[in-house]
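The numbering of the sequence shown is the numbering used here, which starts it at 236 and goes up by one. Beta carbons: idealized from backbone N, C-alpha and C, even for Gly. Here is the structure we will look at, set down as structure tokens.
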Amino acid sequence: MTQQQKIFLAALGSAALLLGAFGFQYIGGLAPCKLCLWQRWPHAAAILIGAVALLTQRGQLAFLGAAAALTTGGIGVYHTGVERGWWEGPTSCTGDASSLSGMTGGDLLDFSAPETIIMCDEVVWEMLGLSMASWNAVAAFGLAALWIWAAITPEKH
């Protein structure tokens, strides 16, 4: 497999994960929490990095793709820990939601915020005992390996 093919597959993997997330949101009706949204941005960056790497034939950009994949994987691990109660998550989306202590004055006065806060510490979907955040981490680390493999593959001219 050529370097360009590996880059294409890695970017396609992020695109598939992002499309899956949007599918769960808009077709499945599972609204994302704050940490779920954070996990999407590095996938978008990986897609952009992949497109630039393919268009410019600069395979070394794959290292940036790996960084994006590792970032979303890390956020996925963090989110999994929040869901499982291993550590605390952002006060704006964790806890019993009965306290206002995690909110700033600006948060309290922000009427553009959605009525329902989606909790980051609640698992809304799981498969084989793993939540979406966990599966995102597993897939992202696999994609990171593919990005790194692409980055260290010599370019063929």
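Check whether residue i and residue j have beta carbons under 7 angstroms apart
{"i": "H278", "j": "L244", "result": "no"}
{"i": "V359", "j": "L265", "result": "yes"}
{"i": "A385", "j": "K241", "result": "yes"}
{"i": "A301", "j": "I383", "result": "yes"}
{"i": "A406", "j": "A304", "result": "Residue 406 lies beyond the stretch modelled for the chain, which goes from 236 to 392, so this question has no answer here."}
Extent of the continuous alpha helix (DSSP H) run through residue i
{"i": "M367", "result": "M367 to I387"}
{"i": "T339", "result": "From DSSP, T339 is part of no alpha helix (DSSP H); its letter is neither H nor E."}
{"i": "S327", "result": "Element bounds for S327: n/a, residue is neither H nor E."}
{"i": "L247", "result": "Q238 to Y261"}
Anticipated Cβ contact below 8 angstroms, residue i with residue j, distance rounded
{"i": "E390", "j": "G294", "result": "5 angstroms"}
{"i": "I282", "j": "L296", "result": "That belief does not hold up - the Cβ atoms of I282 and L296 are roughly 12 angstroms apart, past 8 angstroms."}
Would you check if the segment 302-315 and the segment 272-279 touch, i.e. whether three or more CB-CB distances between them fall below 8 angstroms?
-> yes
Does the pairing of the segment 287-298 with the segment 314-322 give three or more beta-carbon distances under 8 angstroms?
-> These segments do not touch.
For the segment 367-383 against the segment 246-264, are there 3 or more C-beta pairs whose distance is under 8 angstroms?
-> yes
Enumerate, from N- to C-terminal direction, the unbroken alpha helix (DSSP H) stretches of 4 or more residues contained entirely within the segment 269-312.
-> 269-291
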